[in-house]
Amino acid sequence: MTLYRWRKQIEQCGSRNEKLLQIRMRVRQEFDDMKERRMIVRDRDIRRMAIRINAEVGLEGFVASDSCVYRWKKLFKIVCRRITKFVSRNYAYELDDISQTAAEFVARAKLITLAADPLYVFNMDQSGFNYEMHGGRTLHYRGALIVEAAFQSINSTTHSYTIQPIVSMSGDWKVPVWFMVMQESTESADLSWPRKWKVLPGSAVTSTLQRRLPGKVTKEILREVFEKVFREHVDEDIVLLVVSFSSYKDPQFLQNMQHKVELLTIPPKTTGLIQPLDICGFRPWKSYFRMCSERVLIVKIDFGFFDRETV
């Protein structure tokens, strides 16, 4: 009986288990290739791949049933996950170019910044913050079809303000760090809120609160930044690391500077990989802000993140 089974396996080019393993591994290879290309893959796609591969392998009675797909996913620890970001289909091909561009810029920036005084090497960028921020996940009972979450104000989750900090490479507080907050507003909104300058107690951080339309950095604001911050507080040549924002391409805001300003413009699509403020500033700040927003609701503190004085 054993000899008969061996002879039959040789005639069929392998045992059933060997052919099944071959199908599983080849489906895994095609699945990995689709994931590298950021393709959306579902159970029906796994079933189609298995049936097509089996046409070459020749496993009799193989139909790629639901249980077969389930065992395949369990074997390779593959589950259904929520899509967190959509990208173009060329993204996978562009990723290598983006990484190379980022590495080349970092190498060039190092040569320039190492030759300069770290106290006068700055990074400036803007980022939007909703008045109230929360994460997209929460603990809940398994099988729940509807998962609701409370906010202080639904309106505060859709309205935002923009901050634009300036930090030095040295982290030294001898040079004031400028921190601007710009709030969204409409023509019908209350525009009586005056612009004001203030120094935060116990620190060298200068802050300005502005109510502007539409709440984003403009060329006029940039000129004010260089007038109020760099021209008044910086008495040396500076190196400024900025993103590829259209306002920075206009050299007019540098005309009244008494000292040389060397702009290092971060290449497009590389900001999230190499910009200091994006990696070490905005991400931790937003994560901490989400934690505070959720904690205030849990302990029932009477504190509104959307209040004007809070911002």
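Under full-length UniProt numbering, read the sequence shown as residues 1 to 311, first letter to last. Built from N, CA and C at the ideal position, the CB exists for glycine as well.
Indicate whether residue i and residue j have their beta-carbon atoms separated by less than 7 Å.
i, j, result
"V242", "Y248", "yes"
"L114", "S168", "no"
"I98", "K300", "no"
"F289", "M133", "yes"
"V27", "M49", "yes"
"I46", "V69", "yes"
"A107", "L273", "no"
"M124", "I166", "yes"
"F122", "S160", "no"
"F226", "S127", "no"
"K228", "D250", "no"
"D235", "K260", "no"
With DSSP run on the structure shown, which of helix, strand or coil describes residue i?
i, result
"G281", "helix"
"N155", "helix"
"Q258", "coil"
"S168", "strand"
"I163", "strand"
"F245", "coil"
"S127", "strand"
"V87", "coil"
"V27", "helix"
"F226", "helix"
"I238", "strand"
"L209", "Caution applies to L209, whose pLDDT of 44 falls short of 50 and renders its modelled position unreliable; the value that the coordinates give is listed next. L209: strand per DSSP, three-state reduction."
"L59", "coil"
"T265", "strand"
"F76", "coil"
"V69", "helix"
Using 8 Å for Cβ pairs, my map puts residue i next to residue j. What's the rounded Cβ distance?
i, j, result
"L297", "A150", "6 Å"
"V57", "I23", "6 Å"
"F105", "I266", "7 Å"
"L59", "R16", "7 Å"
"Q258", "R231", "7 Å"
"R37", "V87", "Not confirmed; about 10 Å, so no contact."
Answer with buried or exposed for residue i, where buried requires no fewer than 16 other C-beta atoms within 10 angstroms of its C-beta.
i, result
"N90", "exposed"
"I51", "exposed"
"K19", "buried"
"L263", "exposed"
"I279", "exposed"
"S293", "buried"
"T138", "exposed"
"Q100", "exposed"
"L111", "exposed"
"Y93", "exposed"
"L21", "exposed"
"Q275", "buried"
"Y131", "buried"
"Q29", "exposed"
"M291", "exposed"
"T162", "buried"
"I53", "buried"
Check whether the Cβ of residue i lies closer than 6 Å to any heavy atom of the ligand NAD, and answer yes or no.
i, result
"A50", "This structure simply doesn't include the ligand NAD, nor any ligand for that matter."
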